[in-house]
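Notes for the one structure printed next.
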Amino acid sequence: MGAYSDMYARWQADPQGFWAQAAEAIDWVAKPTAILDDSAKPIYRWFPGGTVNTAWNCLDRHVLAGRGDQDALIYDSPVTNIKTRFTYAQLLAKVAELAGALRLRGIEKGDRVIIYMPMVPEAVFAMLACARLGAIHSVVFGGFAAKELATRIDDAKPKAILSASCGVEPGRTVAYKPLLDEAIEIAQTKPGFCLILQRPMLEASLVAGRDFDWGKVVPGSAPADCVPVASTDPLYVLYTSGTTGIPKGVVRDNAGHMVALAWSMKHIYGIEPGEVWWAASDVGWVVGHSYIAYGPLLVGATSILYEGKPVGTPDAGAFWRVIAEYGVAALFCAPTAFRAIKKEDPEGKLVGQYDLAKFRTLFLAGERGDPDTIQWAERLLGVPVIDHWWQTESGWPMVANLVGVELLPVKYGSPSVPVPGYDIRVLDNDNKEVARGDIGSIVVKLPLAPGALPTLWHNDEGYIRSYLQDFPGYYKTGDAGYIDEDGYLYVMSRTDDIINVAGHRLSTGGMEEVLASHQAVAECAVIGVADALKGQVPIGFVVLKSGVNRPEAEIERELVKLVRDRIGPVAAFKTVTVVKRLPKTRSGKILRGTMRKIADSEAWTMPATIDDPVILDEIAENLRTVGYAKEAKGAA
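At position 345 of the sequence shown the residue is numbered 345 (UniProt numbering), and the sequence of numbers has no breaks.
Pasting the structure below:
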């Protein structure tokens with residue numbers, strides 16, 4: 001760990017000096033007067049006194065430096081059969097034009113703009129146009145339920161909403177405008193105007209006086225210049241579901257965000273200017289913000305915007321086609337995507353149809369990277385497969401194998417080691433560090449690194465209560481795990497997924513690891529359900545690979561034996577059931593918490609981010625078959 005250890009030690013010895021040097025990678029209108037403001041502990045601010053513009057750093061400076069003819073954004077949409085490339089000069093022109101149209105309608109520095117759009121180039125134009133004007137954008141998934149959109153409208157109080165007539169999914173078109181109209185009707189706060197991108201698959205009706213056709217009012221608008229903003233001014237607010245049902249608005253500031261992302265593109269992902277980078281995510285998620293719209297452009301790379309799926313658009317070779325066609329150097333996606341590919345093409349036969357010569361690294365995050373999936377990808381692709389760990393709140397990786405610094409040995413099941421900026425600890429409930437190898441709550445010593453959330457939108461008290469109160473002096477990640485003797489972190493599950501079986505604290509993630517190792521299993525989930533005798537017992541759900549024709553009951557018996565052999569009878573693992581699919585969010589996270597509530601016959605609500613609500617009915621039926629979910633206290 002020579003190069004990595006030296007860099008981490010340098011950060012530990014002089015955190016402010018480390019980030020002051022990193023800050024030289026961006027353009028400043030005015031340099032900060034300090035590196036860190038800790039006068040309002042436990043709330044910290046990075047680079048106070050400085051003035052910047054994020055759009056300038058993503059676009060204008062690269063054009064001035066001679067990169068105007070290089071591809072900045074490549075749009076590839078297998079669901080619409082549209083492919084478009086935008087050079088840095090073209091992207092700058094599109095963004096400045098849209099910013100001009102917004103400015104003409106009264107959008108100014110500090111105003112909020114909600115972006116409710118599919119994976120189209122205009123969504124990225126919108127984010128950067130807001131950044132150009134100093135307006136604060138809040139991206140909400142296109143197709144999000146009206147009630148959920150309304151709560152975000154009421155919290156952000158946007159002056160404008162930018163949307164599209166529809167989204168396109170494999171085999172179906174999703175009308176957005178009726179959802180938007182209903183959300184505005186429900187919300188107490190009404191936007192001043194809406195800008196609607198009419199897609200040819202489905203045109204939307206416009207409300208006179210409120211709605212404007214993007215294609216008619218934006219083209220030809222006088223381009224807007226960049227508006228300088230304070231380093232600590234918000235760039236965006238991204239809502240994440242809160243335990244109270246009220247969404248939490250994660251704030252991202254301008255300067256800290258840029259410094260962190262520019263540093264991460266080079267040191268974590270190893271991406272140089274001019275290289276092609278692909279984050280196969282959605283702009284509605286933090287990954288889409290950090291590593292589609294902002295990170296790659298900050299360093300002068302080419303970013304791919306993909307409107308499609310890993311399978312079904314048209315087949316399980318979709319990712320290989322994109323990598324080969326554009327010469328992708330590195331791909332970032334959720335492990336779920338690779339589990340889906342592995343399920344459809346277990347032998348990886350489709351890879352051989354494509355030239356992946358320029359592809360050198362695969363990064364996984366969003367769900368725990370199970371060793372079986374990582375090893376399958378390694379064998380298939382012949383490149384390093386890097387699991388790494390972060391959250392919406394951190395905005396960029398907290399734990400990773402820093403490819404741009406030193407590729408450390410991979411330990412399966414671990415996202416590797418702490419990134420400079422993050423002092424990771426594992427504590428017990430008394431705020432004391434546990435021994436190496438023991439499971440506890442994963443926390444980060446304050447202050448958090450630049451780029452991490454400084455607070456919640458207009459809710460400092462909620463920020464402190466949600467993240468800082470339980471472990472004073474630390475940020476609570478909500479994840480559980482342990483650190484081994486070599487300093488590698490193992491993230492086993494969310495804190496509430498550590499189950500207590502007859503007094504033994506066990507990780508459902510560890511059990512999932514065992515299930516995933518079975519040759520017939522494509523993906524799996526384990527939840528802890530209430531048990532009168534043992535407190536909790538685990539139940540497993542598995543999806544089988546395509547082409548597996550053995551009796552399900554036989555496979556289920558093998559899986560129970562496998563867990564009992566590897567973890568021991570103490571796990572009390574006796575029930576596993578084969579399901580067609582697992583309920584997930586649109587980012588690929590398995591909805592284990594909702595599954596547990598269904599199993600325990602607790603009241604539950606339909607998660608706003610769910611990909612397909614019907615799957616929960618199927619899970620409930622499976623649970624009833626094995627003796628759980630006896631009462632339906634169903635979804636609201």
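For each residue, glycine too, the CB sits at the ideal point set by N, CA and C.
How long is the line joining the alpha carbons of Ser394 and Ile153, rounded to whole angstroms? 23 Å
Closest by CA to Lys342, which one among Ile374, Pro170, Thr84? Ile374
So, does the region 257 to 272 touch the region 393 to 408, judging by three or more C-beta pairs under 8 Å? yes
Round the Cβ separation of Leu36 and Val251 to the nearest angstrom and send it over; I've been treating them as touching at under 8 Å. Not really, about 17 Å apart at Cβ, beyond 8 Å.
For Ala522, which residues in the same chain have their Cβ closer than 7 Å to its Cβ, ignoring the five residues on either side in sequence? For Ala522, where only same-chain residues beyond five positions count, the Cβ hits under 7 Å are Arg339, Lys342, Lys343, Val543, Leu544, Lys545.
What residue ranges within the region 548 to 595 form continuous beta strand (DSSP E) runs of no fewer than 3 residues, ordered along the chain? Counting whole runs of 3 or more residues, the region 548 to 595 contains the beta strand (DSSP E) stretches 575 to 578.
Whose C-beta lies closer than 6 Å to the C-beta of Gly440 among residues of the same chain, with five residues either side of it excluded? Same-chain partners within the cutoff: Val426, Leu427, Asp428, Val434.
Let me check understanding here. Comparing Cα to Cα, which of Pro121, Leu133, Thr577, Asn57 lies closest to Ile74? In terms of Cα proximity to Ile74, the closest of Pro121, Leu133, Thr577, Asn57 is Pro121.
If contacts are defined as beta-carbon pairs under 8 Å, then Ala126 and Ile136 qualify, I think. What distance do you get, rounded to the angstrom? Not confirmed; about 12 Å, so no contact.
Sufficient close CB pairs (3 or more, under 8 Å) joining the region 63 to 74 to the region 295 to 307: yes
If contacts are defined as beta-carbon pairs under 8 Å, then Glu485 and Arg436 qualify, I think. What distance do you get, rounded to the angstrom? Yes, Glu485 and Arg436 are in contact; Cβ-Cβ is about 5 Å, under 8 Å.
Range of the contiguous alpha helix (DSSP H) that encloses Ser5: Counting along the chain, the unbroken alpha helix (DSSP H) around Ser5 starts and ends at 2 to 13.
In chain order, what residues of the same chain lie with their CB nearer than 8 Å to the CB of Pro471, ignoring the 5 residues before and after it? The residue you asked about is not Pro; residue 471 is Phe in the sequence shown. The beta carbon of Phe471 is closer than 8 Å to those of Leu427, Asn431, Ser441, Val443 in its chain, skipping five residues each way along the sequence.
Using C-beta distances below 6 Å, list every residue in its chain close to Ile590, excluding the 5 sequence neighbours before and after it, in chain order. Ala525, Leu582, Lys584
Compare the C-alpha of Glu108 against each of Lys159, Glu148, Trp604 and name the closest. Lys159
Considering only DSSP beta bridges, list what Gln536 is partnered with. Under the DSSP definition of a beta bridge, Gln536 partners with Ala530.
Could you give the distance in angstroms between the alpha-carbon of Thr243 and the alpha-carbon of Pro613? For Thr243, the pLDDT reaches just 44, beneath the cut-off of 50, and the residue's location in the model is therefore unreliable, although a value from the coordinates is still provided. Looking at the two C-alpha atoms, the distance is approximately 20 Å.
Supposed contact pair Pro450 and Ala260 - C-beta distance, whole angstroms, cut 8 Å: 5 Å
Which runs of the beta strand (DSSP E), 3 residues or longer, sit entirely within the region 287 to 319? List check, beta strand (DSSP E) in window: 302 to 306.
Beta bridge counterpart(s) of Ser416 as assigned by DSSP: Leu489
Which residues bound the alpha helix (DSSP H) around Pro121? 121 to 133
Span of the alpha helix (DSSP H) holding Pro371? 371 to 381
Beta-carbon contacts of Ser77 that lie in its chain and below 6 Å, excluding the five residues immediately before and after: Glu307
Please determine, among Val79, Asp253, Thr189, Ala293, the residue with the shortest C-alpha to C-alpha distance to Leu92. Ala293
Flag this pair as yes or no: are the beta carbons of Leu489 and Ser414 separated by less than 8 Å? yes
Whole-Å CB distance - Val217 paired with Ala55, under 8 Å assumed: Not quite, the Cβ-Cβ distance comes to about 20 Å (not below 8 Å), so this is no contact.
From which residue to which residue does the beta strand (DSSP E) around residue 637 run? Examination of residue 637 is not possible in this model, given that the chain is present from 1 through 636 alone.
For Ser205, which residues in the same chain have their Cβ closer than 8 Å to its Cβ, ignoring the five residues on either side in sequence? Cβ contact annotation for Ser205 (same chain, cutoff 8 Å, sequence separation greater than five): Lys177, in chain order.
Any idea if Glu148 is buried or exposed, counting beta-carbon neighbours within 10 angstroms, 16 or more meaning buried? buried
What distance in whole Å lies between the Cβ atoms of Pro42 and Leu446, which are believed to be in contact at a cut-off of 8 Å? 6 Å
Does Lys94 pass the burial test, meaning 16 or more other C-beta atoms within 10 Å, or should it be called exposed? buried
Residues in its own chain within less than 7 Å of Tyr463 by CB, not counting five upstream and five downstream? Thr455, Leu456
Under DSSP, the beta strand (DSSP E) around His266 begins and ends at which residues? A quick correction: the sequence has Lys, not His, at residue 266. Note, Lys266: premise wrong, no beta strand (DSSP E); alpha helix (DSSP H) at 254 to 267.
Between the C-alpha atoms of Ala532 and Ile555, what's the straight-line distance to the nearest angstrom? 28 Å
Around the Cβ of Ala636, are there at least 16 other Cβ atoms within 10 angstroms (buried) or fewer (exposed)? Reliability fails at Ala636, whose pLDDT of 42 lies under 50, so the model's placement of it is uncertain and the value that follows must be treated cautiously. That one is exposed.
Between the C-alpha atoms of Tyr326 and Gly284, what's the straight-line distance to the nearest angstrom? A straight-line Cα-Cα distance of about 24 Å links Tyr326 and Gly284.
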